[in-house]
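The next block holds one structure in the form of structure tokens; read it before the comments.
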Amino acid sequence: MILSNLYSKLILYLFFWLIPFIVGTEGFGIIRGLLPIADTIVIFFCSGIPPAMAKFISENKSKTQLEKIQQEKLNKTDFTNLNDANNENNLWEFDILKYMVLFSFVGALFAISLKYILGGDYSTLPDIYYYAIALSIPFSAIISWSRGILQGNLKIRQLSLTWVLEHTSKVIFLIPLALFFGVTGALLSISVGYLLGGLLGLYIIFKYIPRYKNKKSEIISTSDLKLNNEISNTLVRKVMIYALPIALTATSYRLLNDLDSIFIMSMLGGYDNGLYGYASLISKLLFLFAASISTVLIPRIAKSNSENLNENNSKDSKILKGSKALNYLKKSILLNFIILLPLLTIFVIFANDILKLSFGVSNIDVSNSLIILSFSASVMSMYTLSASSLQGIGYAKIPLYIIILGIVLNSILNLSLIPIYGIMGGAMATLISSSIISIITFIIALKKLR
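Reminder that position 6 of the sequence shown reads as 69 in our numbering, one-by-one numbering, no gaps.
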């Protein structure tokens with residue numbers, strides 16, 4: 064899982080690195096301006112639901128199906144505790160799929176209307192770009208749904224294969240599609256990746272998971288059918304309610320990461336956003352390490368918090384466990400900066416040389432943007448680790464509120480600084496907003512972990 068996750072991140076990085084060599088700086092800037100919005104739509108309308116699905120499927124697997132059916136018939140269905148509603152005649156997951164497909168078409172229509180909503184240079188782009196984005200959203204519903212099923216059934220290796228195939232397909236199909244169709248082809252390669260990854264996920268589900276394998280229509284009584292419908296409807300509601308904060312958090316986080324590119328694209332155009340995209344893409348290398356640490360940090364903090372709750376409630380015990388969780392955070396941040404500081408030093412000193420080597424660009428504004436964004440990525444890594452700690456002890460809503468604050472602050476700063484400083488204004492807005500939310504999150508995490 065770790066290797067496949069690392070591979071997926073690297074191959075996705077390669078995908079973005081190849082784009083400017085095929086479609087040029089302006090084409091790269093247009094794609095950098097469109098994809099963050101497309102990803103935000105995909106996450107909000109589709110990708111926020113699968114983690115909630117996985118939670119309920121995983122919980123349901125531990126229950127005996129026959130006992131569930133008998134208990135519901137005897138007790139006339141207790142809808143206050145339906146975590147064990149995973150019986151063979153009630154494939155409620157397919158009702159979720161129907162909703163996801165419906166939501167995806169709503170998202171696709173929204174994507175088409177972005178040209179008129181965003182304004183600025185977005186309004187000058189060809190309609191075909193927005194149609195290409197819209198096409199990818201229904202495909203994302205299929206792959207997201209299949210990943211929710213695989214994760215819930217603990218098919219982690221198979222889940223990893225869908226990530227590998229999706230991102231590898233994007234790179235493979237990017238080259239011919241972008242060469243023949245330019246920016247449109249590059250956007251279409253994303254749909255191809257979603258489609259192939261989704262088909263692989265569906266194949267694994269129906270081939271190797273007994274619950275969905277060789278499922279045949281069965282004649283059941285009217286009362287049983289009514290019971291299954293009631294169970295399914297209730298579970299769907301529970302999943303949707305549980306998924307909403309997940310979707311909002313992930314959507315806000317994705318939007319914050321590239322809000323600067325959206326404003327630069329709208330206010331300065333594709334070429335300037337392409338130049339800025341070079342600096343942004345390189346600086347994000349610094350952020351990958353913190354993201355890797357956070358995946359390990361959350362379960363460790365959660366385990367420490369669980370031990371704290373299970374131990375006796377004496378003051379000494381709380382102090383001991385709290386200090387243990389706090390030490391995890393401090394060590395993670397220390398390790399993160401030990402790795403980042405040498406890299407940050409290299410990026411600051413050799414910013415222009417790195418840009419020349421990577422993309423053949425020598426521009427003082429781009430070099431300065433790379434330096435500023437490198438500091439921003441380093442600071443933002445502290446937010447990631449602090450937010451992971453808060454999530455691990457059950458304060459998942461706090462990072463969401465702080466991200467929303469960051470989006471508002473970042474938007475105001477971009478609108479103020481880009482007209483004055485150009486692309487450097489976008490970098491400055493990102494650094495200022497990132498620093499503020501990182502400091503706030505770190506202080507709150509320290510207080511909650513003590």
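Built from N, CA and C at the ideal position, the CB exists for glycine as well.
| Query | Result |
| --- | --- |
| Beta carbon of leucine 480 nearer than 7 Å to that of glycine 469 | no |
| Start and end residues, alpha helix (DSSP H) containing threonine 187 | That residue, threonine 187, is in no alpha helix (DSSP H); it is neither H nor E in DSSP. |
| Neighbourhood of asparagine 292 by C-beta, 8 Å cutoff - its chain only, sequence neighbours within 5 removed | none |
| Beta-carbon proximity check, isoleucine 100 vs methionine 163, cutoff 7 Å | no |
| Nearest neighbour of glutamine 454, chosen from Val411, Leu392 and Ser441 [CA to CA] | Leu392 |
| Inter-residue spacing [alpha-carbon to alpha-carbon] between serine 425 and isoleucine 180 | 34 Å |
| CA-to-CA distance, alanine 450 to isoleucine 500, given in whole angstroms | 10 Å |
| Outcome for arginine 220 when other beta-carbon atoms lying within 10 angstroms are tallied against a minimum of 16 | exposed |
| Nonlocal neighbours in the same chain, by C-beta distance under 7 Å from serine 71, ignoring five residues either side | Trp226, Val227 and His230 |
| Among Leu66, Ile495, Leu97 and Tyr458, nearest to leucine 250 - alpha-carbon criterion | Leu97 |
| Boundaries of the alpha helix (DSSP H) in which phenylalanine 244 is found, first to last residue | 219-244 |
| With 16 other Cβ atoms within 10 Å as the buried cut-off, status of valine 302 | buried |
| Glycine 469 - DSSP class collapsed to helix/strand/coil | helix |
| Whole alpha helix (DSSP H) elements within the region 288-350, 4-residue minimum | 322-331 and 333-346 |
| Three-state secondary structure assigned by DSSP to leucine 154 | coil |
| Candidates Asn431, Ala306 and Leu403: closest to phenylalanine 413 by CA position | Asn431 |
| Contacting residues, own chain, Cβ-Cβ under 6 Å from alanine 195 (five flanking each side not counted) | Thr247, Leu250 and Leu251 |
| Beta-carbon spacing of glycine 332, phenylalanine 91 below 7 Å | no |
| Same chain, Cβ closer than 6 Å to isoleucine 205, neighbours up to 5 away in sequence not counted | Gly261 |
| Three CB pairs or more closer than 8 Å across the region 457-475 and the region 306-314 | yes |
| Inter-residue spacing [alpha-carbon to alpha-carbon] between leucine 217 and leucine 322 | 35 Å |
| Whole-angstrom distance between leucine 436 and phenylalanine 410, CA atom to CA atom | 10 Å |
| Nearest to phenylalanine 236 (by Cα), restricted to the options Leu222, Phe166 and Leu258 | Leu258 |
| Asparagine 473 vs alanine 492 beta-carbon contact at 7 Å | yes |
| Assumed close pair proline 83, phenylalanine 326 - CB separation to whole angstroms, cut-off 8 Å | With 8 Å as the limit, proline 83 and phenylalanine 326 do not qualify as a contact, their Cβ atoms being about 20 Å apart. |
| Nearest to alanine 174 (by Cα), restricted to the options Trp208, Thr103 and Ser395 | Thr103 |
| Integer-rounded CB distance, given that tryptophan 155 should sit under 8 Å from leucine 263 | Not confirmed; about 23 Å, so no contact. |
| Cβ neighbours of leucine 418 in the same chain (closer than 8 Å, five flanking residues each side left out) | Tyr341, Ala342, Ile345, Val424, Ser425, Asn426, Val429, Ser430 and Leu433 |
| Closest residue to asparagine 399 among Ile304, Leu349 and Ser329 (Cα-Cα distance) | Leu349 |
| Three-way DSSP call (helix, strand, coil) for asparagine 426 in this model | coil |
| Neighbour-count burial assignment, valine 169, 16 or more Cβ in a 10 Å radius | exposed |
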